[in-house]
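Residue 384 in full-length UniProt numbering sits at position 384 of the sequence shown, with consecutive numbering throughout.
The beta-carbon is built from N, C-alpha and C at its ideal position, and this holds for glycine as well.
In this text the structure is predicted, and so the values were computed from the model without any measurement.
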Amino acid sequence: MINADRLWKNLLDIGEIGKNPDGGITRLAFTKEDRQAIKMVEALMKEAGLAVHEDEVGNLIGRKEGEDSNAPAVLIGSHLDSVFNGGIFDGSLGVLAGIEVLQSMKENGISTKHPIEVYVFRDEEGCRFNFSLLGSRGMSGTLKLENLEYRDNEGISLAKAMKSCGMNPKEFFKASRRPDEIKAYLELHVEQGKVLECENLQVGVVTGIASSLRLMVTVTGKADHAGATPMNLRFDALAAAAQIIGVVEKETRATKSAVGTVGQIHAYPGGINIIPGRVEFTVDLRDVSIKVAQQLEKSILSQAEDICTQRGLKLEVDFLQRVPPAPCSPEIIDTIAESCRELGIKELHLPSGAGHDAMQVVNLCPIGMIFVRSQNGISHHPAEWSTPEDCTAGAKVLYQTVLKLAE
Numbered sequence: 001m002i003n004a005d006r007l008w009k010n011l012l013d014i015g016e017i018g019k020n021p022d023g024g025i026t027r028l029a030f031t032k033e034d035r036q037a038i039k040m041v042e043a044l045m046k047e048a049g050l051a052v053h054e055d056e057v058g059n060l061i062g063r064k065e066g067e068d069s070n071a072p073a074v075l076i077g078s079h080l081d082s083v084f085n086g087g088i089f090d091g092s093l094g095v096l097a098g099i100e101v102l103q104s105m106k107e108n109g110i111s112t113k114h115p116i117e118v119y120v121f122r123d124e125e126g127c128r129f130n131f132s133l134l135g136s137r138g139m140s141g142t143l144k145l146e147n148l149e150y151r152d153n154e155g156i157s158l159a160k161a162m163k164s165c166g167m168n169p170k171e172f173f174k175a176s177r178r179p180d181e182i183k184a185y186l187e188l189h190v191e192q193g194k195v196l197e198c199e200n201l202q203v204g205v206v207t208g209i210a211s212s213l214r215l216m217v218t219v220t221g222k223a224d225h226a227g228a229t230p231m232n233l234r235f236d237a238l239a240a241a242a243q244i245i246g247v248v249e250k251e252t253r254a255t256k257s258a259v260g261t262v263g264q265i266h267a268y269p270g271g272i273n274i275i276p277g278r279v280e281f282t283v284d285l286r287d288v289s290i291k292v293a294q295q296l297e298k299s300i301l302s303q304a305e306d307i308c309t310q311r312g313l314k315l316e317v318d319f320l321q322r323v324p325p326a327p328c329s330p331e332i333i334d335t336i337a338e339s340c341r342e343l344g345i346k347e348l349h350l351p352s353g354a355g356h357d358a359m360q361v362v363n364l365c366p367i368g369m370i371f372v373r374s375q376n377g378i379s380h381h382p383a384e385w386s387t388p389e390d391c392t393a394g395a396k397v398l399y400q401t402v403l404k405l406a407e
């Protein structure tokens, strides 16, 4: 029911788009590489017999009609954009497996009561504009006009980038869908962790997705001479930032479940013999419990304020993103698990610490996710790898689950 060789070939082919010399993938949203990947997938959708169109935020949608065209659709989705120098499976597996499901249905003459759609969500990673889940926000109606003013490192706004790809940013709201149009949403994704590998299992059933909070923290002190300024007379922004970063690690470790990351840091003016007068750094906080996430945020920001006050520095915190946890539907969890058992695939129930477009789609309909084993748990890295056998197993579970949900 799944053409494993075709799925694997498509994965390797799309892995050539945006490929770096070390084998990693850089395919940022609204770049020529991103557009090239979209065009490749569009061709695959048409080959699978799907009606294809692009919505007002750049999501590519392929639709297979059901026997009842008025019935709500079952959606399969993921993304094609990457992080800087990422891997070939993150996002792409979910998109290509979704198309493979419908291609296989076409070849086997299988029809369903409900329509089925494959969504390629634009800019899931958010690496270029520090604002993730753009396409799924647009589709679920949570995108705001001011979000389109986020800028990349070259000062190009999200709105301008959208215009360069032929879109009208002012019409972003037209991409939103109604809840009565959608029955369920499914996403197949590599685990990006080591749980399945440690359990020697191919497939995981996701129970929910952790919350995501992204902050831009700015500490402002006073730049001064590194040799002539005594330690007790310094207003060192970087020293304070280092303390705050230590708090992020300490407090997240204490929760036993949350994770915290400082992924970007910039010190100004940046001279080797100058005390940093201003430091900007990002903080990424995640937990599957909204209560734990809120307590963690409060504790870190309170201690950051105390550190800056004691040092005579100014603290500013900008909230780049706040996405609550997204629980998966118990009914869809059971359906995925049943599909695994029917296929003779032993499954494991586990949460997702990584964010996914499903976190936005949950505002419209019940969601479900299927994980595929990641080798050594590596992701967002050139060494990201899942075997052909594991990818095929995940695609088979997706196929079986789609048939059940689409009746």
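Can you tell me whether residue i is buried or exposed? The criterion is at least 16 other CB atoms within 10 Å of its CB, across all chains shown.
| i | result |
| --- | --- |
| serine 302 | exposed |
| alanine 228 | exposed |
| lysine 396 | buried |
| arginine 178 | exposed |
| glycine 66 | buried |
| aspartate 180 | exposed |
| leucine 196 | buried |
| cysteine 198 | exposed |
| serine 352 | buried |
| arginine 270 | The sequence shown places glycine at residue 270, not arginine. Glycine 270 should be labelled exposed. |
| leucine 148 | buried |
Return the residue from the list the options that minimises the CA-CA distance to residue i.
| i | options | result |
| --- | --- | --- |
| tyrosine 150 | Val205, Met162, Val120, Met139 | Met162 |
| glycine 263 | Gly246, Ala254, Val283 | Val283 |
| lysine 39 | Val74, Asn376, Pro21, Gly58 | Gly58 |
| isoleucine 300 | Leu215, Met1, Pro351 | Leu215 |
| phenylalanine 84 | Ser379, Ala406, Pro269, Ser386 | Ser379 |
| lysine 183 | Val217, Arg373, Val361 | Val361 |
| alanine 242 | Glu42, Pro276, Val206, Pro230 | Pro276 |
| leucine 201 | Asn363, Leu350, Lys32, Gln321 | Leu350 |
| cysteine 317 | Arg35, Glu297, Gln310 | For the sequence presented, residue 317 should be read as valine rather than cysteine. Per the Cα distances, Glu297. |
| glutamine 103 | Gly141, Glu54, Gly155, Ala43 | Ala43 |
| lysine 19 | Glu33, Leu7, Gln310 | Glu33 |
| leucine 320 | Arg35, Met231, Cys165, Ser212 | Ser212 |
| asparagine 108 | Ile2, Gly312, Ala267 | Ile2 |
| tyrosine 268 | Lys160, Phe235, Ser111, Val41 | Phe235 |
| residue 411 | Pro169, Leu233, Leu7, Gly246 | For the chain, the structure presents residues 1 to 407; residue 411 sits outside this window and is missing. |
| lysine 64 | Ile110, Asp90, Pro21 | Ile110 |
Once the 5 residues before and after residue i are set aside, which same chain residues still bring their CB inside 8 angstroms of it?
| i | result |
| --- | --- |
| serine 257 | Asp287, Val288, Ser289, Val292 |
| isoleucine 274 | Ala223, Asp224, His225, Ala226 |
| glutamate 187 | Ile76, Gly77, Ser78, Gly94, His356, Asp357, Ala358, Ile367, Gly368, Met369, Ile370 |
| leucine 12 | Ile88 |
| methionine 139 | Asp55, Val57, Asn59, Tyr119, Phe121, Ala175, Ser176, Arg177, Gln360, Val361, Leu364 |
| glutamate 305 | Leu315 |
Short of 6 angstroms in beta carbon distance, which residues of its chain neighbour residue i, apart from the five on each side in sequence? Order them along the chain.
| i | result |
| --- | --- |
| isoleucine 265 | Phe281 |
| arginine 341 | none |
| methionine 359 | Ile209, Val323, Ala326 |
| glycine 260 | Val248, Thr252, Leu285 |
| arginine 128 | Leu28, Ala29, Asp152 |
| lysine 174 | Glu56 |
| aspartate 68 | Lys113 |
| tryptophan 385 | Gln375 |
| arginine 137 | Leu143, Gln360 |
| threonine 335 | Thr401, Lys404 |
| glycine 23 | Pro382 |
| arginine 311 | Ala240 |
Quick one: what's got a C-beta closer than 7 angstroms to residue i's C-beta in the same chain, skipping five residues either side?
| i | result |
| --- | --- |
| glutamate 331 | Pro366 |
| cysteine 308 | Val219, Ala240, Lys314, Leu315 |
| proline 45 | Per the sequence presented here, residue 45 reads as methionine, with proline not at that position. Answer for methionine 45: Val52, Gly62, Ile99, Val118, listed in chain order. |
| glutamine 400 | Ser339, Glu342, Leu343 |
| lysine 106 | Ala48, Gly49 |
| glutamate 171 | Glu56 |
| proline 72 | His114, Asp180, Glu181, Ile182, Lys183 |
| aspartate 390 | Gln202, Val372, Arg373 |
| cysteine 165 | Phe30, Arg35, Gly58 |
Under 8 angstroms, do residue i and residue j count as touching if we go by C-beta distance?
| i | j | result |
| --- | --- | --- |
| glutamate 347 | alanine 354 | no |
| glycine 377 | glycine 193 | yes |
| isoleucine 14 | serine 92 | yes |
| alanine 393 | valine 203 | yes |
| isoleucine 17 | alanine 37 | yes |
| isoleucine 116 | alanine 406 | yes |
| leucine 158 | phenylalanine 121 | no |
| leucine 133 | glutamate 124 | yes |
| leucine 80 | asparagine 10 | no |
| threonine 207 | isoleucine 345 | no |
| alanine 237 | valine 205 | no |
| leucine 398 | valine 74 | no |
Worksheet entry | Completely contained alpha helix (DSSP H) runs for the segment 354 to 390, where each covers 4 or more residues | 358 to 361
Worksheet item: Taking only runs of the beta strand (DSSP E) that begin and end inside the segment 87 to 154, which ones reach a length of at least 3 residues, in chain order?
Response: 116 to 121
Worksheet item: For the UniProt domain "Peptidase M20 dimerisation" (211 to 306), which segments carrying the alpha helix (DSSP H) assignment without a break, of at least 4 residues, lie completely within its bounds, in sequence order?
Response: For the UniProt domain "Peptidase M20 dimerisation" (211 to 306), whole alpha helix (DSSP H) runs of length 4 or above, ordered along the chain, are 237 to 255.
Discussion item. Quick check on the DSSP output: what are the complete alpha helix (DSSP H) runs of length 4 or more inside the segment 21 to 93, in order along the chain?
Written reply: 32 to 47
Worksheet item: Which full runs of the beta strand (DSSP E) of 3+ residues lie inside the segment 302 to 349, going along the chain?
Response: Segments of the beta strand (DSSP E) lying fully in the segment 302 to 349: 314 to 323.
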